[in-house]
Amino acid sequence: MFIAILKYKKPLSEVDRFLQAHREYLVEHYAAGDFIASGPQTPRVGGVIMIKAENRTGVEAIIAQDPFNINGIADYQIVEFTPTMFRDDALKNIF
């Protein structure tokens with residue numbers, strides 16, 4: 369399991385120019401089963417994406433397709449973790 373933490377490196381006016389393309393990218397990867405949850409940080413300085421992938425290389429390949437990445441809008445920190453505790457009803461279809 370991975371979490372990608374996005375930090376905007378451009379002004380929000382620039383972020384907003386690519387927001388629709390970024391959302392389409394998210395929809396595509398939710399449909400493919402890659403993404404579990406995502407959303408903006410509060411305050412709006414970036415975002416977070418929870419990703420299901422076999423390895424870090426797979427996550428990097430997915431992130432490489434993000435319009436925010438392609439257009440230099442955000443930096444990405446990738447955190448890998450092994451879920452050892454979770455509420456059964458919340459994540460039963462993920463594992």
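With the working numbering applied, the sequence shown closes on residue 463, and no number is skipped along the way. Here a beta-carbon is modelled for each residue, glycine too, at the ideal position from N, C-alpha and C.
Selection from His-397, Asp-443 and Gln-388 that minimises the alpha carbon distance to Lys-378
Asp-443
For a test of the three-state rule: what should DSSP assign to Phe-436, helix, strand or coil?
helix
Alpha-carbon to alpha-carbon, Phe-370 and Thr-452
14 Å
Would you mind giving the Cβ-Cβ distance between Phe-436 and Leu-394, rounded to the nearest angstrom? I have them listed as a contact below 8 Å.
Rounded, the Cβ-Cβ distance is 10 Å, inconsistent with contact.
Are Asp-434 and Lys-420 close, meaning C-beta to C-beta below 8 Å?
no
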